[in-house]
Amino acid sequence: MGIYVDIEKNLPEFNLKVTFNTNEEIIGLLGASGSGKSMTLRCIAGLETPTKGRIVLNDRVLYDSDKKINIKANKRKVGFLFQNYALFPHMTVVENIRLGLKRFSKKEQEGKVKEKIELMQLEGLESKFPNQLSGGQQQRVALARTLAVEPEILLLDEPFSAIDNHLKSKLERQIIDSLLNYKGNVIFVSHNLEEIYRMCENLVVLSKGKMSACGSKEKIFSKPPTLSAAQLTGCKNISRVRILDKDYIEALDWGCKLKIKDSIKASVAYAGIRAHHIHIGDFDGEDNTFKGIMDFVREGPFTVTVYLKIIEEETKYRSVSLQLELTKEEWIAIKDVPQPWNICIDREKLFLIEDEK
1 MGIYVDIEKN
11 LPEFNLKVTF
21 NTNEEIIGLL
31 GASGSGKSMT
41 LRCIAGLETP
51 TKGRIVLNDR
61 VLYDSDKKIN
71 IKANKRKVGF
81 LFQNYALFPH
91 MTVVENIRLG
101 LKRFSKKEQE
111 GKVKEKIELM
121 QLEGLESKFP
131 NQLSGGQQQR
141 VALARTLAVE
151 PEILLLDEPF
161 SAIDNHLKSK
171 LERQIIDSLL
181 NYKGNVIFVS
191 HNLEEIYRMC
201 ENLVVLSKGK
211 MSACGSKEKI
221 FSKPPTLSAA
231 QLTGCKNISR
241 VRILDKDYIE
251 ALDWGCKLKI
261 KDSIKASVAY
271 AGIRAHHIHI
281 GDFDGEDNTF
291 KGIMDFVREG
301 PFTVTVYLKI
311 IEEETKYRSV
321 SLQLELTKEE
331 WIAIKDVPQP
341 WNICIDREKL
351 FLIEDEK
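FYI, full-length UniProt numbering numbers position 109 of the sequence shown as 109, with every residue one higher than the one before it.
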């Protein structure tokens, strides 16, 4: 049981091509705006028709271009939570939630509405209209309405995009709690790295309609298989490489020679290291340790990003900076240490990326 998607859709900007399947779990679609995430959801929901392909939900074929099957949207048992929530402004909270329950008796409708009101903590708001609710409350009403119809799959399209940052954590927790007893599939769309990492165990990474990664979030973030997946998962340090031998590469943009832990494939084109996997300290004699100087610093509320340049010789250094991310406490501990510093690129965390054909 689960969702199987293998579709293509020709769009003006690019051709969307997506293939994945999942069981009863939350899977995330990660990508920049306009990468095809929402279009994928719309094809699953039946709001858009793919150019070709196949969609199967719990062994029930929703779409098959070869067999000319295309089940209508209202027959697919798909719950879709839109970015703008799509609440009817002239209806109260109760009326909005009850909207899709016409096939049930009046008593059953009342029971389901009451259950979802309690689940989404909407008590006291039953008679309110959407314009009398906060953004978070509107979102909870929309989710309550979506869950009330008992969909086999729940599609969440950027559900936190209109929510203030200070409310997101609480709403994430509420959504996760509300889905604990939900037995269907969930597809969660976002362009926010931290958000999708917290919500999902498995990811599909989309770039201009093309899948650049698919699998567990840990594997994709630790060793992204493609350049676009590395960039979309937030890697700030990526260099073109030249293979020197079976153990070493030259990072052309960083100006250094790196020892590699794993075997080096002939198709390797890039190396990457995340900003929190670079270290400064007493690493003399260790692999992948270089002299470097600080180029400039950018301070955030809780972290500091230090831009470093590796010294190629006594007076030369590369123009491309490495980004190092530190806590404020770590920054205070090193900022007055005389330069050049010993910069260590963690061999265990360094990853290689093959050329994308």
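All C-beta atoms, glycine included, are put in the ideal place defined by N, C-alpha and C. Note that the structure is predicted; figures quoted are calculated from it, not measured.
query, result
"Look up residue 7 in the DSSP assignment and say whether it is helix, strand or coil.", "strand"
"Give the DSSP-derived three-state secondary structure of residue 20 in the structure shown.", "strand"
"Which partner residues of residue 208 appear in the DSSP bridge assignment?", "The partner list for residue 208 (beta bridge, DSSP) is empty, contrary to what the question assumes."
"Who are residue 54's beta bridge partners in DSSP?", "6, 64"
"Candidates 235, 302, 82: which alpha carbon is nearest residue 278's?", "235"
"Below 8 Å CB to CB, which residues in the same chain sit around residue 131 once its five sequence neighbours on both sides are set aside?", "89"
"Between 128, 180, 192, 6, which has its C-alpha nearest residue 92's C-alpha?", "128"
"Measuring alpha carbon to alpha carbon, tell me which residue in 294, 37, 254 is nearest residue 207.", "37"
"Using CA atoms only, rank isn't needed, just tell me which of 111, 82, 58 is closest to residue 42.", "82"
"At the level of alpha carbons, what is the spacing between residue 356 and residue 311?", "30 Å"
"Which residues bound the alpha helix (DSSP H) around residue 112?", "106-119"
"Give a yes or no on contact between the region 12-20 and the region 108-115, applying the rule of three or more CB pairs nearer than 8 Å.", "no"
"Residue 293 and residue 323 look like a contact to me (Cβ under 8 Å); what is the Cβ gap, rounded to whole Å?", "Incorrect: roughly 14 Å between the Cβ atoms, too far for contact."
"Considering only their Cβ atoms, is the gap separating residue 141 from residue 84 smaller than 8 Å?", "no"
"Three or more C-beta pairs closer than 8 Å, one from the region 181-200 and one from the region 22-35: is that the case here?", "yes"
"Which residue from 231, 135, 64 puts its Cα closest to that of residue 6?", "64"
"Indicate the three-state DSSP secondary structure (helix, strand or coil) for residue 191 in the structure shown.", "coil"
"Going by DSSP, what residue range makes up the alpha helix (DSSP H) through residue 135?", "135-148"
"Which word fits residue 300, buried or exposed, when buried means at least 16 other C-beta atoms lie within 10 angstroms of its C-beta?", "exposed"
"So, under 8 Å CB-CB, residue 344 and residue 250 are touching, yes? Tell me the CB distance rounded to an integer number of Å.", "In fact, because the Cβ distance is near 18 Å, the residues do not count as touching under 8 Å."
"Here's a check: name, in chain order, each residue in its chain whose Cβ is nearer than 6 Å to the Cβ of residue 352, leaving out the five neighbours to either side.", "268, 271"
"Residue range of the alpha helix (DSSP H) that residue 230 falls in?", "227-232"
"Pick helix, strand or coil for residue 267, following the three-state DSSP scheme.", "coil"
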